[in-house]
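See structure below.
Protein chains: 4
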Amino acid sequence: MSDTSRIPGRRFLHSPGPTHLPDEVLDAMHRQPMDLADPRVADTIAACESGLRRLLGTGQGEVFMYASNGHGAWEVVIENLLPIGSAVLIPGTGHFADSWALQCEALGRRTVRTPWHEGRPIDPAEVEAVLRADTAHDIRAVFAVHTDTASSVTSDIDALRRAIDAAGHPALFVVDAVATLGALPLAMDAQRIDVIVGASQKGLMLPPGLGFVAVGPAARELSAANPAPRFYWDWTRRVGEQPYRKFCGTPPLNLMMGLQAGLELLFREGIEAVHRRHRVLAGAVHAAVAAWSREGALDFFCTDAAARSVSVTAIRVRDGIDPEAIRRLARERFQVAVAGGLGPLAGRVFRIGHLGDLNAAMVLGALGGVEAALLSLGVPFGRDGVQQAVAWLAREAAD
Amino acid sequence: MSDTSRIPGRRFLHSPGPTHLPDEVLDAMHRQPMDLADPRVADTIAACESGLRRLLGTGQGEVFMYASNGHGAWEVVIENLLPIGSAVLIPGTGHFADSWALQCEALGRRTVRTPWHEGRPIDPAEVEAVLRADTAHDIRAVFAVHTDTASSVTSDIDALRRAIDAAGHPALFVVDAVATLGALPLAMDAQRIDVIVGASQKGLMLPPGLGFVAVGPAARELSAANPAPRFYWDWTRRVGEQPYRKFCGTPPLNLMMGLQAGLELLFREGIEAVHRRHRVLAGAVHAAVAAWSREGALDFFCTDAAARSVSVTAIRVRDGIDPEAIRRLARERFQVAVAGGLGPLAGRVFRIGHLGDLNAAMVLGALGGVEAALLSLGVPFGRDGVQQAVAWLAREAAD
Amino acid sequence: MSDTSRIPGRRFLHSPGPTHLPDEVLDAMHRQPMDLADPRVADTIAACESGLRRLLGTGQGEVFMYASNGHGAWEVVIENLLPIGSAVLIPGTGHFADSWALQCEALGRRTVRTPWHEGRPIDPAEVEAVLRADTAHDIRAVFAVHTDTASSVTSDIDALRRAIDAAGHPALFVVDAVATLGALPLAMDAQRIDVIVGASQKGLMLPPGLGFVAVGPAARELSAANPAPRFYWDWTRRVGEQPYRKFCGTPPLNLMMGLQAGLELLFREGIEAVHRRHRVLAGAVHAAVAAWSREGALDFFCTDAAARSVSVTAIRVRDGIDPEAIRRLARERFQVAVAGGLGPLAGRVFRIGHLGDLNAAMVLGALGGVEAALLSLGVPFGRDGVQQAVAWLAREAAD
Amino acid sequence: MSDTSRIPGRRFLHSPGPTHLPDEVLDAMHRQPMDLADPRVADTIAACESGLRRLLGTGQGEVFMYASNGHGAWEVVIENLLPIGSAVLIPGTGHFADSWALQCEALGRRTVRTPWHEGRPIDPAEVEAVLRADTAHDIRAVFAVHTDTASSVTSDIDALRRAIDAAGHPALFVVDAVATLGALPLAMDAQRIDVIVGASQKGLMLPPGLGFVAVGPAARELSAANPAPRFYWDWTRRVGEQPYRKFCGTPPLNLMMGLQAGLELLFREGIEAVHRRHRVLAGAVHAAVAAWSREGALDFFCTDAAARSVSVTAIRVRDGIDPEAIRRLARERFQVAVAGGLGPLAGRVFRIGHLGDLNAAMVLGALGGVEAALLSLGVPFGRDGVQQAVAWLAREAAD
């Protein structure tokens, strides 16, 4: 089972990132790069910038891209927005909110946090209360994780915006949309988000290695006035036309070439169609998990049905069941790779990713492989999971 | 539904040829070819020849490869073995036996045929009887289709060999193993087969475009004495070391590079493991079809359970059900491409291919997609098809 | 030197087929194939047919494509056009005319041939004379090789057409354009050619494995009346909409996908631009060979400057020089693969291919590598070959 | 000329990074990634770590890899080694030393610098003098750029090590080997280097996007005691077996898969053979540049022949000649992409990269293309540049 050699056929990648890569993206990356003065480099970067702006629904947001992962992109907003010693409010969403807060603190910033309610989204009232209490406006920004990939719970961005407004607090609104971009609608300008943080390896259907932010005018202004020392991440140094300058050195060219291709795929399918597809496929997974849960050994981690992510579903296992054994068997015997529990959820959940370049048959195969693993391990579950997913998909296709 | 643009994700190819292509094969073909005197060309050809000999279980058989499809490979044996006007016995297996016979006749040869028993394999007794009756030894060869891809019925090669022996007839024994190579064991020398016919696009996990034959000493002798005019297909012209000569012109280089990679995959997995995998996956499909059949609208076309192919399963539909509508919906809505009925079975069956570079999750996804199509169309079927396949796979994995 | 392991970097493929493959073609072939009823298959075939018709300049010609190499495509015209025992005129162009004639005879047809004048194109007057002498119109067709790849001599198609007309002979005019398609203009309808024969691995920038013909109405009529037995090659069986029928079995799908991409590249660049590029690059090679030839050890094989091919240049070597040693060193030490002498020219020439997906820098690198090999072996040659090619290219770029 | 559409054939990439990517690397990256708990991820990372240690000649150095470019890798050593306000000695090598110093200062560190002598390597005596003068041992480290890609001058690492030793100074010795790894020997342990900084896009034959450092025990100790706030770059957080931890989030998986393939290519060829190949190819470029320089308009930027880089050659142009015009024409007309002048050398030089996955024919093609551009623009140059390069290569091949 620890044999790492090739398996026949295709392994089903159902982690919530990295995700399945389309041929078009892989082909675009399977090319010789260009010298940095080649106008094709600037064209590629421009296409990525305008594509991301379109995807994020922003006319005034400026896009900065980095050779980095998502944690690098988090560092970007910390270093650019927060002076050393300043404070940020991070509403509790579980592992990712905790990690972001930890990173802020390690970098010499202070954090204020609202409690995490397991299985539930951010409570906007708590955010409003904290902001109201901050009469000195010590808090510079609210850093909100849209979908916490660890818990598979999606919080309500509009409600958070309203909470900030209701508190009359000037804090910037920063949204980590890493796990939702390309899966769930988000409109930076219309929803009055100051900064959106994203990364390549989820809904954008790219390999990991590219982080980015879209930054509105208020955030750019605040950053310009921020004396915190910074270089690689610094927005003010990344202005100008030269690719070398925009990326503080050599741009991650092949990832950019892939990003251009990935964005084209999204626009060709149509963003609304992409979002609808994610809703339908998430519904199929939810139908299966609902069936599986009947036997009492498994259940949705997210107890609020309306807050269940369209990108990933965390499945709680009863004490005594080892989710890592399920994953190992699903991957090594039945060719389906799902994710495990992170941080406080380690050993308590496994997670099925369902975002990115996926379709109905892929999801059915993944669910079938998980069922085969559950059955092999003697985990009790409602045996009609795939059957319910099939029924859901047939119904949706009829619309 | 006739929109031919890209679908998200990967389409599940479950025709019995072409089949799913592994990355290793695709990558090997994604290379610049070589000039024909490059020793790497000869190395590639030699690797393909020895690999095919190993796969076919022959030490004395010589391999001839062609830029052609399977029908071209049929023409190869007709032109090389049969003088104009001579006779061949083609036992009835359905569409492919009929087509091969038609081709023989169009090329000026005579055919003797045994009747096709729908849903059943070749009856060796009938073959024996025909050969016994041919006291003049007018029949030069028996051309037997191992698995008729149209009917998904596999005939018994050993029994056919015994029938020829029992008749005391000198006819050569030619086996079309196009649909079984890489899926079912076949041992040319041990089973005393004179010629095996194969093609690239099924169990060898290659694109279509390469046909081949392995030819034993008796067949080579008979061919050398055969005055029928021929050039492109002629074995006697294809002898020698030069690639250009071996292929009667430019070899289909990238397909050879792919074949070398495909054979390496088979040997790396282990031929017995490959055969076992095909048995297990076929069992999963059979478990699903058995469940589906409970409602009376669908059934196995092959009524002899022991003769059901490990490569493909033809599913008979009740009158009034259009298998083409099922296929169209499965492909265009649920991303699963299955095959239809050929010749006399057109409109009467659809077929699920399960050979080549496949695994459990892929088969479950394909079955799920077919179920979704059946459900959408209101075809009655036992709803627990995938569930039974999952159960079968979990049981097999436990062994 | 016989080490066949990987070399660093890219080997320069300068044989006149197979040729360098563009990324776009390789990527198009690096895809999963489709089930044969998928409308995408028919779309791909239709795109290839219409693209070839456009490239060949024909509105009324019908395109038939085959899983075969160029020799297979030769067999196509022999089997379809010539009744057994009938006669064809094949003007001498060297190795390829000889080979085609040999194939005709092996297939039971009679050939009439005009003599080959080494280093010179077909003499139209000789063709006219033979046809005038054939008062019984015994000759059914003229099979002319446009560019004989072995000699690198291109004959004048318009002059041949005029010769046939002048003779008042009804013979069909069949042109083998394998080595010129995509490199040199050819207009089937305007130049009144009855059949054009092509293959994938040269100017179309594909791997070998696909042969094709475009067939005008007179040729189709003649074929329909031809009683010669045939099946795989038979045009009359390949009519209809079904892919399976059009290809007498499984179409070579990935090659078709590549052909579609290759044709798109040609049309995107513009056919006239493609032809101009071939003229310019051939001029660069010719400039280098002219310089090399000053020392008396090397020379153009084609003595008629106007008949030198834009696709390939055969270079005669003085007695005592082994062209195979040059090739081996060029390939194994300097990463440039050139071709050798075929048939009567074996050991007498080497050949530099300059057709397909090539540009100035590639040609300069190839010429440089050949120079390094010549120098290493002590072959006398004008040392300013690349310098003259550079001068030619700079001059052409200025236009 | 600003048309950015496809050119026929392959563009020759002769910038000193990004460099030409081998098929093996591209193919390794053209794969689906894995879920992060898949043991194949850990295997890939382990193979990269041990391969880099082998390449860098270190048993005790620990490797840290980052989703970042080379400037990110610079930030890594700054943030880990230097407390805020501490000092570092950066010997002048031109643009890259200046940039690194600027980055140190922007991040709140102090820099001490020795002057840059245009066209010459670092003077070890100056380094020794500065260190001797620093009796308080205020300087924590020496940051030396091995080859300054902008000037194409390589400094002597052993001489620098001796200078530090001679000064009896405890400063750490940090070497930026971005432009030399895989081209020039470097042995971390034997040469007593404390930290080596590298990146993916040059001699390692990968796309840009991966930075790395190898860190010896003294540097790790110093880092552990360094209170400077840091997170993404922090070595102490990147310890442990989990891929997610080692990369502070999602590893850049496909780049790692490519790195593993690239390292395998280097070891398969043999590191010494790789280094020899770089010396030979650099010699060919130098032979051409020496010839070009005879006319007085062009010359080596590096005036110290022994210090000329094996990776890149900067070519000074006479006043009145625009190197950007040369580059543009070379790229857009003759398909050869070379680099331009950076920082103080902008408009004064162009640069030919000759490192990575290159061979003789590629270099000859690149030189030929540059000659065609020079000729087209009327730049005076010795016309026998390629000829001299050919002669050099033939001579070297004879050894």
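So the sequence lines, in the order shown, correspond to chains A, B, C and D. Last residue of the first sequence: number 399 in this note's numbering, and the count goes up by one each step with no gaps. Last residue of the second sequence: number 798 in this note's numbering, and the count goes up by one each step with no gaps. Last residue of the third sequence: number 1197 in this note's numbering, and the count goes up by one each step with no gaps. Last residue of the fourth sequence: number 1596 in this note's numbering, and the count goes up by one each step with no gaps. Every residue gets a Cβ at the ideal spot worked out from N, C-alpha and C, and that includes glycine.
The Cβ of D/D1224 sits closer than 8 Å to at least one Cβ of chain B.
The beta carbon of D/S1490 is closer than 6 Å to those of D1496 in its chain, skipping five residues each way along the sequence. Sequence-ordered contacts of the segment 1032–1050 of chain C with chain B read F1045, C1046, G1047, T1048, P1049 and P1050 [C-beta pairs closer than 7 Å].
If you draw a 10 Å sphere on the C-beta of D/G1437, you find fewer than 16 other C-beta atoms in it, and that means exposed.
Just so you know, the alpha carbons of A/M205 and D/I1242 end up roughly 22 Å apart. Taking the C-beta atoms as reference points, A/H14 is found no nearer than 8 Å to D/Y1429. Per the C-alpha coordinates, the member of B/A613, B/Q641, B/S710 and B/V487 positioned closest to B/L583 is B/S710. Under the Cβ criterion of 8 Å, B/D434 is counted among the residues facing chain C.
In the DSSP assignment, C/I888 is bridged to C/R911.
DSSP, read as helix, strand or coil, puts B/R629 in coil. Counting C-beta pairs with one atom in each stretch, the segment 360–376 of chain A and the segment 275–291 of chain A have three or more that are closer than 8 Å, which means they touch. Annotation: Cβ neighbours of C/R829 in chain A (cutoff 8 Å, chain order): D23. Only residues of its own chain outside the window of five on either side were considered, and among them A549, L741 and G742 have a CB closer than 6 Å to the CB of B/H494, listed in chain order. Our two residues, D/W1432 and A/D38, have alpha carbons roughly 36 Å apart in a direct line. Per DSSP, the beta-bridge partners of C/E860 are C/V1013. When Cβ-Cβ separations below 8 Å define contact, A/L255 makes contact with chain D.
Separation of B/R512 and C/V1011 (C-alpha to C-alpha, rounded to the nearest whole angstrom) is 35 Å. Within its own chain, the residues whose Cβ lies closer than 7 Å to the Cβ of B/V789, once the five positions on either side in sequence are excluded, are L763, listed in chain order.
The C-alpha of D/G1553 is placed about 11 Å away from the C-alpha of D/S1397. Membership of A/T313 in any alpha helix (DSSP H) is not indicated; the residue belongs instead to the beta strand (DSSP E) covering V312 to V317. Secondary structure within the segment 1481–1558 of chain D: the beta strand (DSSP E) runs of 3 or more consecutive residues, fully enclosed, are 1495–1497, 1509–1514, 1533–1537 and 1546–1550 (chain order). According to the DSSP assignment, A/R54 belongs to the alpha helix (DSSP H) that extends over P39 to L56. The criterion of a C-beta distance shorter than 8 Å is satisfied by B/G610 and B/N468.
Residues of the segment 449–470 of chain B that bring their beta carbon within less than 9 Å of a beta carbon in chain C comprise Y465, A466, S467, N468, G469 and H470, in sequence order. Closest in C-alpha terms to A/R268, from the list A/E62, A/G182, A/A282 and A/F301, comes A/G182.
Separation of the CB atoms of A/V77 and A/V197 is rounded to 6 Å, and the pair is thereby assigned contact status at 8 Å. The beta carbon of D/A1322 is closer than 8 Å to those of A1360 in its chain, skipping five residues each way along the sequence. Beta-bridge annotation (DSSP): B/L412 is paired with B/A736.
Each of B/A566, B/H568, B/T553 and B/D557 was checked against the Cα of B/V577, and the nearest Cα belongs to B/T553.
Shown in chain order are the members of the segment 595–618 of chain B whose Cβ falls below 7 Å from a Cβ of chain C: Q600, P606, P607 and G608. C-alpha of C/L1063 to C-alpha of C/R1043: approximately 28 Å in a straight line. Between A/I321 and A/V379, the C-beta spacing is below 8 Å. The beta carbon of B/L654 sits closer than 8 Å to the beta carbons of M428, A466, S599, L605, P606, G608 and L609 from its chain, once the five residues preceding and following it are set aside; these are given in chain order.
CA-to-CA, the gap between C/G1183 and C/D946 works out to about 25 Å. Of A/V145, A/H146, A/G119 and A/T111, the smallest CA-CA separation from A/V130 is found for A/T111. Those residues of the segment 706–726 of chain B placed with their C-beta closer than 8 Å to a C-beta in chain A do not exist.
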